[in-house]
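In full-length UniProt numbering, the protein residues as written are 1 to 328. Using N, Cα and C, we set each Cβ at its ideal position, and we do this for glycine too.
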């Protein structure tokens with residue numbers, strides 16, 4: 001064994017004792033007797049109680065006796081686990097255990113010479129095969145797996161079902177897109193004859209869409225002034241229709257990605273409705289509408305009792321009889 005691993009400043013005096021002793025490092029009865037004679041005692045100090053424990057020396061073992069993926073021709077040196085020390089508090093009747101985990105000291109570089117993957121780099125062996133062999137696991141490659149491509153009929157159906165909307169809904173979306181086009185032309189955000197909903201949107205398209213929704217649904221105007229109390233404001237549900245309609249409009253021109261900055265050109269690209277700005281404003285608008293006392297009008301908000309009350313109201317007195325409409 002190379003004694004350069006131990007010196008006077010080493011924290012392992014028990015190892016120095018072995019190396020200075022000049023042991024022949026052979027696993028026989030004489031070495032066992034030497035180990036018993038060379039065992040050193042370590043005293044564990046504690047304010048409650050002191051107990052002596054024995055610290056076993058580092059002894060060499062052969063690689064065949066040590067279960068690890070290393071070359072069987074190399075020697076491996078290990079340090080036996082230290083015994084557990086238990087100090088008892090006689091006053092509080094409790095125990096405190098100081099345990100030392102087993103340590104494995106490999107004095108030879110196993111990472112570069114003995115590992116299966118490292119050895120494979122110096123030969124014609126595939127590193128992946130070496131790793132799987134040492135671990136006992138077989139890695140599945142893409143060539144071993146049967147991957148079927150998505151049938152064209154599946155792909156067509158999925159695309160159609162994802163894009164299909166009713167005729168009335170499509171008309172609503174187109175109306176919302178035309179409304180935004182008129183708003184952008186009115187405020188000169190685009191040049192005459194140009195389209196706002198296009199595959200090369202305005203750099204501030206997300207903010208313009210927010211201003212368009214604010215103009216119709218918010219308590220404030222886009223310029224920051226407050227609307228009169230008697231001015232009708234559209235509901236949050238109407239704002240959602242505007243948002244979804246413009247989202248659909250930009251998707252029809254091929255903008256399906258999120259709103260982001262193109263690192264190559266520096267221009268904004270993607271669908272401006274799918275942006276942080278629009279999402280943040282819609283969340284704030286919803287809270288504003290709830291604070292203002294707006295009642296949800298979703299399907300889940302309509303109870304059977306409401307439907308029954310409407311039916312009873314329609315059947316009462318003159319409400320049931322259909323009256324002719326008088327000409328103006």
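Within the same chain, 216, 217, 218, 219 and 227 come within 8 Å of residue 233 by CB-CB distance, once the 5 residues on both sides are set aside. One Cα belongs to residue 285, the other to residue 291, and the distance between them is close to 10 Å.
Boundaries of the alpha helix (DSSP H) around residue 237: 236-252. Residue 222 and residue 278 have their alpha carbons spaced roughly 14 Å apart. Taking the CA atoms as reference points, residue 212 sits about 24 Å from residue 165. Residue burial is scored here from C-beta neighbours: residue 324 has fewer than 16 other C-beta atoms within 10 angstroms and is therefore classed as exposed. DSSP places residue 198 outside both helix and strand once states are collapsed to three, so it counts as coil.
For residue 205, the enclosing alpha helix (DSSP H) has its first and last residue at 205-217. Excluding sequence positions up to five before and after residue 214, its CB lies within less than 6 Å of the CB of 222, all in the same chain and listed in chain order. Taking each of 309, 257 and 238 in turn and checking the Cα distance to residue 270, the smallest one comes out for 257. Under the criterion of beta carbons closer than 8 Å, residue 248 and residue 183 do not qualify as touching, at roughly 17 Å. Rounded to the nearest angstrom, the Cβ distance from residue 321 to residue 253 is 53 Å, too far for a contact under 8 Å.
Taking all protein chains shown into account, residue 293 has fewer than 16 neighbouring C-beta atoms within 10 Å of its C-beta and is therefore exposed.
The three-state reading of DSSP puts residue 191 in coil, since its state is none of H, G, I, E or B.
Sequence-distant Cβ neighbours of residue 262 in its own chain, meaning closer than 8 Å and more than five residues away, are 268 and 269. For residue 280, the number of other beta carbons within 10 angstroms of its own is below 16, and it is reported as exposed. For residue 170, the closest of 304, 224, 237 and 246 by C-alpha to C-alpha distance is 246.
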